[in-house]
Each structure stands twice: as structure tokens, then as C-alpha cells.
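*Asks:* If you're matching positions, the sequence shown starts at 1 in UniProt numbering and goes up one per residue.
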Amino acid sequence: MPSSESWKKVTKKVQFFNLFNYYVGGFTINMSTYFCWLIIPLLMKENGATPFDIGLADAVTFGITGLLSPLIGFVASKEYLCPDTICRIGFVLQATCSISIAIYYISGTMIVPIFFLLVQESFALAFFWSICEYLLSNEIYQGETNQKMSWFCCSWSFGKAIGFVLGGPMRSAFGYSFSLYFSALIVMIAFVVFPRMPRNRSTTPNTAKLEKQKAKLEKKKAKKIESLTKKGLSQEEIEIKINNMHKENFLTKHQPVPKRYFLYYLNELVIHFTVYGTVAVFGNQYIDFADENNIVLNGVNDDSGTYCSLFLGIVYFSQSFCFWVLGQFSYWQYKQTLNIIVQIFIGAICLALIYLRNGWVLCVLAIPIGIISGYDLQSNVLYSINAGPKIKGVILGMSECVGELTCCLCPLFAGLIATQTDDRKWALWFGLILQCVGIVLCIITQAITIILERFDKQKESDEIELGNNEYQEPTPIEDVDVDTNLVHQIEIEDGNVSESSELDKEEDTDEKSPEENENVQPTGTPEQKPSNE
Numbered sequence: 001m002p003s004s005e006s007w008k009k010v011t012k013k014v015q016f017f018n019l020f021n022y023y024v025g026g027f028t029i030n031m032s033t034y035f036c037w038l039i040i041p042l043l044m045k046e047n048g049a050t051p052f053d054i055g056l057a058d059a060v061t062f063g064i065t066g067l068l069s070p071l072i073g074f075v076a077s078k079e080y081l082c083p084d085t086i087c088r089i090g091f092v093l094q095a096t097c098s099i100s101i102a103i104y105y106i107s108g109t110m111i112v113p114i115f116f117l118l119v120q121e122s123f124a125l126a127f128f129w130s131i132c133e134y135l136l137s138n139e140i141y142q143g144e145t146n147q148k149m150s151w152f153c154c155s156w157s158f159g160k161a162i163g164f165v166l167g168g169p170m171r172s173a174f175g176y177s178f179s180l181y182f183s184a185l186i187v188m189i190a191f192v193v194f195p196r197m198p199r200n201r202s203t204t205p206n207t208a209k210l211e212k213q214k215a216k217l218e219k220k221k222a223k224k225i226e227s228l229t230k231k232g233l234s235q236e237e238i239e240i241k242i243n244n245m246h247k248e249n250f251l252t253k254h255q256p257v258p259k260r261y262f263l264y265y266l267n268e269l270v271i272h273f274t275v276y277g278t279v280a281v282f283g284n285q286y287i288d289f290a291d292e293n294n295i296v297l298n299g300v301n302d303d304s305g306t307y308c309s310l311f312l313g314i315v316y317f318s319q320s321f322c323f324w325v326l327g328q329f330s331y332w333q334y335k336q337t338l339n340i341i342v343q344i345f346i347g348a349i350c351l352a353l354i355y356l357r358n359g360w361v362l363c364v365l366a367i368p369i370g371i372i373s374g375y376d377l378q379s380n381v382l383y384s385i386n387a388g389p390k391i392k393g394v395i396l397g398m399s400e401c402v403g404e405l406t407c408c409l410c411p412l413f414a415g416l417i418a419t420q421t422d423d424r425k426w427a428l429w430f431g432l433i434l435q436c437v438g439i440v441l442c443i444i445t446q447a448i449t450i451i452l453e454r455f456d457k458q459k460e461s462d463e464i465e466l467g468n469n470e471y472q473e474p475t476p477i478e479d480v481d482v483d484t485n486l487v488h489q490i491e492i493e494d495g496n497v498s499e500s501s502e503l504d505k506e507e508d509t510d511e512k513s514p515e516e517n518e519n520v521q522p523t524g525t526p527e528q529k530p531s532n533e
């Protein structure tokens, strides 16, 4: 039918933008979320909140999200509900959260209501993240996961950076309420453009792209051969150079999923908690610390909120850049030693943030924070999407659960320590202590992994050796120890048998007539016919 053909064409055109629209969804919801989270700590502090209250608001929001994420991931795997519809509900809840907080604080001053209003954002984030990552992992062609997921990470990280960068100046220029209305407007863009016709292409290779790459490679190969021939190289030299063209660079060579996948995943969860948790403390408690210590952009602006916007903006711009870089290479994958190194760097940066007061120098330190954060999050996504297809949704939900509980617990404990000691430095000391604990746990899990992998290799080599030993060459006769007495006895017995058999033959021959003996032909020789002569 013409109508069905037309509908197929429309569907194909709409689905063509699916990947881009997933990126838009990640960008807008993160921009809206962290636009709010630059404003909310300042809004709460203005209304008399302590560091613990600010940490508790963070804990309510991301804690509930973390608890809901595995359940939502399970729903995504089973597809009990339409996944893209669940994401749209999340966009609406994010918008209503911003609007309700803005309306209340036009005249309200109490801190308690904000905890209940933030529950909307908890459900919004749980509905979006686990589902969106699940849908996106299905949308991506086989073999393109690392590159496409890195672009998705770039998009939401860029949205987070823009949210932090705009939050401070807009709050100063337009006030709290108008800024929160703007946050609600941003996320509704995603409600409109988010994919309505998701696809599952995770087990299908992109044949059209592969054919183009093959044709391009053949063309490049032909040009290379022509160029080498003109230089007068021999055929063997040309073949060597052509073969070297097809060898993968060690930086881009595909990294297979390790046999002890769970231990690598566990090691990654450790640094996801410590690194991501410390970065969450920077985004929650450090804003209050900077305001108290009057850390500003010297010579440009005297508002600590503007400094915090720039500092956190640089963190997440650097994170976005890191996502893009990691998407081009694969050498960094499944390297547990890197997890220890990045925690050492984050611990050193925590010390610098405690004692340095120059805003410009601290903005420079924001760059390595963003790069390390990008490495952690990209690794977490990598381990999650490489899980089996039956448990992918659950693993994504578990990873999101750890991430959100990290955002919940770390700022909460950091705020509690700062409140109890009446010293906001302890919120940053908490980050340093967290790295020390993480380094110990990573060393333990890495040691266990190395021991088990060596055991696996030894077991494989033993099996190969056993297989080789099962097939043995026939032993040469001269290598056999022979009992000479037994051989002599056998020869004598064989000699008697042969002698008796020869005597029997002679007796049979004597019994025959001479005529019969003449007619007997040798065995295997045909009887000759008499000649005509």
C-alpha cells in the first residue's frame, strides 16, 4: 500500500535523528539540573541553612534517585512500560521541580519544604538516566559503542558545564526565581525532541559504513602501491609496507573484555565512589567554602558565586573534552593501575583547594579535576554497557545507583563533618580521606585480579601441555628394552614350527605323481597356453 510505504519513509527520516536527540536529552536535563544546583546551595544559605542542611538536600535528591535506578533499569530490560515515555515523564518532573521551588521562595523562607520539592527531581533523574543509557546502547551499531557513548557523555557533560557557568551570573542578574523558571524551560526542549521510535541495532554491524571504509581503504592501498612502485621498491618490500598499513596502532587497538570482568567492574565502582563523590563535594560544599573564604576572580569580579560558576564550568568543560579524547582511543580501557593514579591526583588537589585562595590558580586546577572525572565516568559507562544483553539494564541501573548514592552520601557526610567541627575545611579533608580509602581498596582488588589472572594463565598452559602429552609419537624399536632370552625362545619355537611345516609340504609333494607335479604352477602366476608350434 502507498500509505504504508510513505509511513516507512517518514519513520526512517524520524529515526535518522535518534542519536542526535539522545544527545540533546542528556545535554538539556543536565544543564537544567546543575543550573539548579548552583542556585540551590546559595538560596538555602541565604535562608539560614547549615552545611549539613545543604548536604542533606543533595542526599535527598540523589539518594532517592540511586535507590530507584536499579528498579528502573530492570523495567527497561523487561520493557514493561514504553521506555521513551518514562523519559518524558522525567523531563516534566524536572521542570515542575524548578517551577515549584521558584514559586515557594518568592515569599517563603523555611528550609524544610525544599526537601520535599526536590523529590520530584529524584524521580526525574531516575526515570531519565537508566532508561536513556539503555535505549542509547541499543541504538548504537555493533562495534561503534565506545565512540558514540563518548559523544553522549560529551553532550551531558557540556550541558552540566553550561548549567554551572550560567547559574551564577544569571542568579546575580535576574534573581533566584527567574533563573529557576529558565531552568524549567530548558528541559522541556528535550520533552519535544526526545526519540519516539527507538531502535535496537546493538547486534547489527553498520554494513554501509563498513563498505565505505573498505572502499576507501582499497583506494588508499592502490595509491600507496602506485607510489611505492614509482620509488622502485621490490614486490616484497611493497607487500611489507602495505601490511603495516593495516596494523592497528597500540592506542586504538580493540581491548577485549577481560575474563575476570566482575573484578574490573568492582575496581571501577570503588573509584566511581571516591572520585565522583569528591567531585560531588566540590559541587556542593565547596560553593559554601568559597563564599565563606571570599575566594573571587581577583581584578575581574568580587562575587564568589561567579567564581564558583567559572570553576565548576571549567571542571565540566574539561570533562567534556576528556570524553571526546577517550572516545578516539581504547588503550586506557581495563587498566586498573590508572585508577590508583587518578585518586592520588585528586587527593593532592583536595590539599590545594584547602590552602590556596587565588581564584585564577584554582581555576587552573579545575582542568585536571575535569579530566579525571571524565575518565572515571567514561570507564563506568564502558564497564556497564559491556555486560551481557540480559543483564545490561540491571547493570546500568546498578552503576547509576552507585553514582547517585555517591552524590548523595559524600556531600552529606562532608557537610555533617563541617557542621560538627564548625570548619568548612573538613568538607575538603573528607575528600582526601576518601581517596586514601579508595587507593587501599583498589590495591586489594587489583592484587586479587592479578593473582587470579596468573592462575588462569597457568591453568590454560597446563591444559595445553596436557593436550600435547596425550598425543605421543610411536616409540622407535631401538629405544625398547628387549628381553633377549624371550626373543631366543620365540625364535626356536618359530623355527620348529617352520621345520615341521616344510616336512609336511615335502610329504605332500612326494605323494603326487610326476605329471601332477609338472602341471603345478607357481602361486600368483597364470597358466601358460601351449604354443601352436
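Ideal Cβ positions, reconstructed from N, Cα and C, are used throughout, including at glycine.
Under 8 Å between the Cβ atoms of residue 372 and residue 346?
*Replies:* In this structure, residue 346 lies closer than 8 Å to residue 372 by Cβ.
*Asks:* Is residue 358 helix, strand or coil by DSSP?
*Replies:* In the structure shown, the three-state DSSP call for residue 358 is coil.
*Asks:* On a Cα-Cα basis, can you pick out the residue from 297, 378, 135 that is closest to residue 18?
*Replies:* If we check each option's Cα against that of residue 18, 135 comes out closest.
*Asks:* Which whole runs of the beta strand (DSSP E) in the stretch 163-229 are 3 residues long or more, in chain order?
*Replies:* none
*Asks:* On the CB-based measure, 16 or more other CB atoms within 10 Å of its CB, does residue 160 come out buried or exposed?
*Replies:* buried
*Asks:* Could you pull out every residue in the same chain whose Cβ sits closer than 6 Å to the Cβ of residue 353, ignoring the five residues on either side in sequence?
*Replies:* 428
*Asks:* Looking only at C-alpha atoms, which of 443, 328, 113 sits nearest to residue 536?
*Replies:* Nothing about residue 536 can be read from this structure; the chain reaches only from 1 to 533.
*Asks:* Taking just the CA atoms, how far does residue 91 sit from residue 7?
*Replies:* 28 Å
*Asks:* Please determine, among 89, 54, 154, 117, the residue with the shortest C-alpha to C-alpha distance to residue 127.
*Replies:* 89
*Asks:* Please identify the residue among 424, 311, 209, 302 whose C-alpha is closest to the C-alpha of residue 52.
*Replies:* 424
*Asks:* Could you tell me the distance, in whole angstroms, from the CA atom of residue 137 to the CA atom of residue 230?
*Replies:* Going by C-alpha positions, residue 137 is about 47 Å away from residue 230.
*Asks:* Could you give the DSSP three-state label for residue 298: helix, strand or coil?
*Replies:* Residue state, collapsed to three classes: coil.
*Asks:* For residue 120, which three-state DSSP category applies?
*Replies:* helix
*Asks:* Please report the distance separating the alpha-carbon of residue 150 from that of residue 466.
*Replies:* 45 Å
*Asks:* If you draw a straight line from the C-alpha of residue 310 to the C-alpha of residue 64, how long is it?
*Replies:* 29 Å
*Asks:* Given a threshold of 16 other Cβ atoms within 10 Å of its Cβ, counted over all protein chains shown, does residue 284 qualify as buried or as exposed?
*Replies:* buried
*Asks:* Is residue 84 closer than 8 Å to residue 178 when the C-beta atoms are compared?
*Replies:* no
*Asks:* According to DSSP, is residue 142 helix, strand or coil?
*Replies:* strand
*Asks:* Tell me whether residue 375 sits in a helix, a strand or coil according to DSSP, three-state version.
*Replies:* helix
*Asks:* Whole angstroms are fine: how far does the CA of residue 445 sit from the CA of residue 157?
*Replies:* Residue 157 and residue 445: Cα-Cα distance of roughly 29 Å.
*Asks:* In the structure shown, what three-state DSSP assignment does residue 335 receive?
*Replies:* coil
*Asks:* Just to confirm, are residue 402 and residue 375 a CB contact at a threshold of 8 Å?
*Replies:* no
*Asks:* Candidates 9, 442, 26, 459: which alpha carbon is nearest residue 154's?
*Replies:* 26
*Asks:* Assess, as a yes-or-no matter, whether the stretch 434-448 is touched by the stretch 259-279 under the definition of 3 or more beta carbon pairs within less than 8 Å.
*Replies:* yes
*Asks:* Which residues mark the beginning and the end of the alpha helix (DSSP H) in which residue 309 is found?
*Replies:* Element bounds for residue 309: 304-328.
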